[in-house]
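J.: The structure under discussion is supplied below as structure tokens; questions concerning it will follow.
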Amino acid sequence: MKIVIVYDNVATDPFKSGWGFSCYIKEKQILFDTGDNGRALLHNMELLGIDPMEIKKIVLSHDHFDHSGGLKSLLEINRDIEVFVPEGFSRFKLRGIRNYRIVVDPLEISNGCIVSGGIDKHKFEQFLMLRTAKGIAIITGCAHPGLDNILGFAERFGKVHAVIGGFHGFRDIHLLEGIDLVVPCHCTKYKKEIMEMDNSKSCQVGKEIVLE
Ligand SMILES: [Zn+2]
Ligand SMILES: [Zn+2]
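Taking this note's numbering, the leading residue of the sequence shown gets 6, the next gets one more, and so forth.
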């Protein structure tokens, strides 16, 4: 399974950077988050050969603008996309989305792709889990519920193989030690420290992550 970073705070020419995160799982036609700027998102998608018409599902981690801001531009092109949001997602921001589903409990939206829904008392952010031969790959937006809580939740589904996305203020770096692949993106505050680990890889727009 291949994951492509479509939107991130870090990008080099000709890609556009922006505050936010988005990545695409081509094999499943699932987009995770949409960055904060639809024009930049569409620009990067075009360069990466991703046609908005091919996208079947969008998983939004939470309603903050840096994750949901690009949604409108995509839905203007493809209104059929099914959008998965957590329980605590702003009802105001759901207006104008024709085809959405509120995820309460973990939901398998495609073979081996599980949307967590809000975890424990954190109902406003969810993450995505991909089953791979080597374990669970976590894709996280901002990790507001705490990456430690996200890791703990994902462990119910199997050994955590990879974790990709925004880790926010997460600083218990030793918790990442047993994981095969760590890709800190977007809002990760302690990126420099995490990048010193042998199992980490850098994140930027256009980067492809291959999961076996
Ligand atoms: Zn956020
Ligand atoms: Zn964010």
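Using N, Cα and C, we set each Cβ at its ideal position, and we do this for glycine too. Please read these numbers as outputs of a predicted model, since none were measured by experiment.
Closest to F26 by CA distance: which of Q34, I10, G140 and I35 is it?
T.: For this step, residue 26 is matched to residue 21 along the sequence shown. Among Q34, I10, G140 and I35, the Cα nearest to that of F26 belongs to I10.
J.: For ligand 1, I want to know if H69 counts as a neighbour, meaning its beta carbon is within less than 7 Å of at least one of the ligand's heavy atoms.
T.: One-based indexing of the sequence shown puts residue 69 at position 64. At least one heavy atom of ligand 1 is nearer than 7 Å to the Cβ of H69, so yes.
J.: What are the boundary residues of the beta strand (DSSP E) that I114 is part of?
T.: Taking the first residue of the sequence shown as position 1, residue 114 is located at position 109. For I114, the uninterrupted beta strand (DSSP E) run begins and ends at L112 to S115, by DSSP.
J.: What are the start and end residues of the alpha helix (DSSP H) that includes K197?
T.: Residue numbering aside, residue 197 sits at position 192 when the sequence shown is read from its first letter. It spans K196 to M200 - the alpha helix (DSSP H) in which K197 sits, taken as one unbroken run.
J.: Considering only the alpha carbon of each residue, which of T137, A138, D177 and K139 lies closest to L156?
T.: Within the sequence shown, residue 156 is the residue found at index 151, counting from 1. Nearest C-alpha to L156: D177.
J.: Assign E213 to one of three DSSP states: helix, strand, or coil.
T.: Locating residue 213 in the sequence shown gives position 208, counting from the first residue. Looking at E213 - three-state DSSP - the assignment turns out to be strand.
J.: Pairing CB atoms from the segment 90 to 97 with CB atoms from the segment 105 to 120, are three or more of them under 8 Å?
T.: Yes, the segment 90 to 97 is in contact with the segment 105 to 120.
J.: Using only the heavy atoms of ligand 1, determine whether one of them is closer than 7 Å to the beta carbon of H127.
T.: Taking the first residue of the sequence shown as 1, we reach residue 127 at position 122. Not so, every heavy atom of ligand 1 lies at least 7 Å from the Cβ.
J.: Counting only the same chain and skipping the five closest in sequence on each side, list residues whose C-beta sits under 6 Å from that of I55.
T.: The sequence position of residue 55 within the sequence shown is 50, counting from 1. Around I55: Y29.
J.: For the alpha helix (DSSP H) holding L76, just list the boundary residues, first then last.
T.: Counted from its first residue, the sequence shown places residue 76 at position 71. First-last of the alpha helix (DSSP H) with L76: L76 to I82.
J.: Mind checking S205: buried by the 16 CB within 10 Å criterion, or exposed?
T.: For the purposes of this step, residue 205 is taken as residue 200 along the sequence shown, with counting starting at 1. Flag for S205 reads buried.
J.: Which two residues bound the contiguous alpha helix (DSSP H) that contains E59?
T.: Here residue 59 refers to the residue found at position 54 when the sequence shown is read from its first residue. It is not in any alpha helix (DSSP H) - E59 carries neither H nor E in the DSSP assignment.
J.: Between the beta-carbon of N152 and the beta-carbon of T145, is there less than 8 Å?
T.: Here residue 152 is taken as the residue at index 147 of the sequence shown, counted from 1. Here residue 145 is taken as the residue at index 140 of the sequence shown, counted from 1. Note on identity: in this sequence residue 152 is Leu, with Asn being the wrong assignment. With respect to T145, L152 sits close: the two C-beta atoms are nearer than 8 Å.
J.: Mind checking which residues open and close the alpha helix (DSSP H) that includes A159?
T.: Residue mapping note: residue 159 aligns to position 154 of the sequence shown, counting from 1. Residues L152 to A159.
J.: Along the chain, where does the alpha helix (DSSP H) containing G43 start, and where does it finish?
T.: What you label residue 43 is simply residue 38 of the sequence shown in a count that begins at 1. First-last of the alpha helix (DSSP H) with G43: G43 to L52.
J.: Between the segment 45 to 63 and the segment 121 to 135, are three or more C-beta pairs nearer than 8 Å?
T.: no
J.: With a CB to CB cut of under 8 Å and the five nearest residues on each side skipped, what residues in its chain are close to L53?
T.: Here residue 53 corresponds to residue number 48 of the sequence shown, with the count starting at 1. Excluding sequence neighbours, L53 sits near V9, V11, Y29 and G211.
J.: Helix, strand or coil: which one does DSSP assign to H179?
T.: Taking the first residue of the sequence shown as position 1, residue 179 is located at position 174. Looking at H179 - three-state DSSP - the assignment turns out to be helix.
J.: Our contact map puts G74 next to N42 with C-beta atoms below 8 Å; I'd like the distance itself, whole angstroms only.
T.: Walking along the sequence shown from the start, residue 74 turns up at place 69. Walking along the sequence shown from the start, residue 42 turns up at place 37. Indeed, because the Cβ distance is near 6 Å, the residues count as touching under 8 Å.
J.: Which same chain residues, not among the five before or five after F70, have their C-beta less than 7 Å away from its C-beta?
T.: For the purposes of this step, residue 70 is taken as residue 65 along the sequence shown, with counting starting at 1. Excluding positions up to five away in sequence, the list reads D41.
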